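Student:
Protein chains: 2
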Amino acid sequence: MFSKACKYGIKAIIYIATQSLEGKRVKINDVVDNCGSPEAFTGKILGSLVKYDIVHSHTGPNGGFQIESKKLKRIKVSDIVLAIDGASVYNECSLGFGICSNDRPCPMHTSFVKIKNELRRTLETTTIYDLAVGCKNGLLFLTG
Amino acid sequence: MFSKACKYGIKAIIYIATQSLEGKRVKINDVVDNCGSPEAFTGKILGSLVKYDIVHSHTGPNGGFQIESKKLKRIKVSDIVLAIDGASVYNECSLGFGICSNDRPCPMHTSFVKIKNELRRTLETTTIYDLAVGCKNGLLFLTG
DNA sequence: ATAGTTTACGATAATTTTGTCCGGAATTAA
DNA sequence: TTAATTCCGGACAAAATTATCGTAAACTAT
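Those sequence lines, one after another, are chains A and B.
Residue numbers for the first sequence follow the working numbering, so the first one is 1 and each next one is one higher.
Residue numbers for the second sequence follow the working numbering, so the first one is 1 and each next one is one higher.
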């Protein structure tokens with residue numbers, strides 16, 4: 001479904017968000033300790049999410065990653081997926097054809113339109129804020 | 001969603017099925033010509049689908065691949081996916097955690113249970129026969 | 001038997017994805 | 001200014017996936 005890079009990215013952002021709720025910046029090693037992800041690789045991924053303006057970074061002592069509190073409710077899971085994996089989850093034909101549409105459907109097209117729309121709707125309506133609050137309340141877990 | 005290997009496998013089986021409807025065996029080069037897939041790789045994949053008893057193969061002149069007509073309505077897309085990609089599409093946590101359940105859900109768990117169930121239902125109820133007939137009738141397309 | 005056809009299979013190669021390492025740049029604080 | 005901290009970015013390495021090739025094995029028909 002998602003690449004590993006994307007999964008690491010989502011987890012990292014959710015963890016950073018839980019800390020941003022309390023106004024705290026977090027360092028990369030703190031992030032990966034709490035998500036079970038490889039440090040250097042996660043750093044790269046966060047780097048690209050910084051460029052996509054999803055998260056802020058600061059170098060130096062007391063530096064780290066942080067998400068503006070106003071943004072927490074605006075960032076959707078779909079934003080992260082789009083930044084890392086692109087739109088392929090939604091757009092790409094499930095059998096890999098370049099041309100596949102209602103007019104010229106591949107054998108699986110009709111079935112997958114439905115599933116992909118549901119997936120898109122889910123990703124586009126789930127905010128980082130929702131997930132972070134869930135984690136803080138102990139209802140959702142970032143490790144396993 | 002699916003690996004390339006799995007996509008090639010599904011396409012190949014559908015094409016073989018369209019020919020099996022008419023009692024014809026098909027050779028590997030015929031398969032890939034009609035699916036746009038790489039020959040040697042597709043051959044490997046079909047080899048493993050033979051072991052999973054999804055398709056039959058015959059060496060020698062007039063050999064090739066064929067699916068028993070009674071089986072056409074019994075083989076589901078899920079059988080092919082299971083044989084090649086395994087159950088990960090349904091089972092695996094979307095964020096990659098080993099432990100992720102209703103009791104201890106990852107942040108995305110609840111959303112994805114729904115989507116994965118829908119996906120499973122779709123794959124388990126779509127038969128190769130349905131897709132092959134659709135292709136024969138010119139309603140569904142195996143290239144693009 | 002023999003020649004021709006076709007899949008099976010192991011070795012190998014190319015590509016993509018995942019992951020590491022390290023020096024440099026930015027920042028802070030003393 | 002200096003030293004410590006932290007992210008950044010490029011080179012590199014490992015692993016997984018995708019893909020090719022050549023030979024062997026199975027089969028058919030003559």
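No residue lacks a Cβ here, since even glycine has one placed at the ideal position from N, Cα and C.
Here the structure is a predicted model, which means the values were calculated and not measured.
Using C-beta distances below 7 Å, list every residue in its chain close to B/V81, excluding the 5 sequence neighbours before and after it, in chain order.
Tutor: Walking along the second sequence from the start, residue 81 of chain B turns up at place 81. Contacts found: F2, C6, V89 and L123.
Student: Alpha carbon to alpha carbon, how far is B/G86 from B/Y52? Give it in angstroms, no decimals.
Tutor: If you number the second sequence from 1, residue 52 of chain B lands on position 52. If you number the second sequence from 1, residue 86 of chain B lands on position 86. The alpha-carbon atoms of B/Y52 and B/G86 are separated by roughly 12 Å.
Student: Alpha carbon to alpha carbon, what distance is there between A/E92 and A/V113?
Tutor: To locate residue 113 of chain A, count along the first sequence from 1; it is residue 113. To locate residue 92 of chain A, count along the first sequence from 1; it is residue 92. The alpha-carbon separation between A/V113 and A/E92 amounts to approximately 10 Å.
Student: Is the Cβ of B/K7 closer than 7 Å to any Cβ of chain A?
Tutor: As a first step, residue 7 of chain B must be located in the second sequence, where it is residue number 7. Taking Cβ atoms only, chain A reaches closer than 7 Å to B/K7, which makes this a yes.
Student: Rank B/L140, B/L131 and B/N137 by C-alpha distance to the C-alpha of B/P75 and give the top, closest one.
Tutor: Walking along the second sequence from the start, residue 75 of chain B turns up at place 75. Per the sequence shown, residue 75 of chain B should be read as Ile rather than Pro. The shortest C-alpha separation from B/I75 is found at B/L131.
Student: Considering only the alpha carbon of each residue, which of A/E68, A/L119, A/A12 and A/I54 lies closest to A/L79?
Tutor: For this step, residue 79 of chain A is matched to residue 79 along the first sequence. The sequence shown places Asp at residue 79 of chain A, rather than the Leu named in the question. Of the candidates A/E68, A/L119, A/A12 and A/I54, the residue whose Cα lies closest to the Cα of A/D79 is A/I54.
Student: I'd like the span of the alpha helix (DSSP H) that includes B/G43, first residue to last.
Tutor: In the second sequence, the residue the question calls residue 43 of chain B occupies position 43. First-last of the alpha helix (DSSP H) with B/G43: E39 to K51.
Student: At a cut-off of 6 Å, would you count B/V77 as near the ligand ATP, judging by its Cβ distance to the nearest heavy atom?
Tutor: Of the ligands one can find in the structure shown there are none, so the ligand ATP has no counterpart to examine.
Student: So B/G144 contacts chain A; which residues on that side make the cut at Cβ distance below 8 Å?
Tutor: Sequence index remark: in the second sequence, residue 144 of chain B carries index 144 (1-based). What B/G144 touches in chain A: C93, F97, G98, I99, C100, R104 and C106.
Student: With a CB to CB cut of under 8 Å and the five nearest residues on each side skipped, what residues in its chain are close to B/G43?
Tutor: The residue you call residue 43 of chain B lines up with position 43 of the second sequence. Result list for B/G43: I28, in chain order.
Student: State the Cα-Cα distance for the pair A/S37 and A/Y8, rounded to the nearest angstrom.
Tutor: Residue 37 of chain A sits at position 37 when you count from the first residue of the first sequence. Residue 8 of chain A sits at position 8 when you count from the first residue of the first sequence. Within the model, the alpha-carbon separation for A/S37 versus A/Y8 is close to 6 Å.
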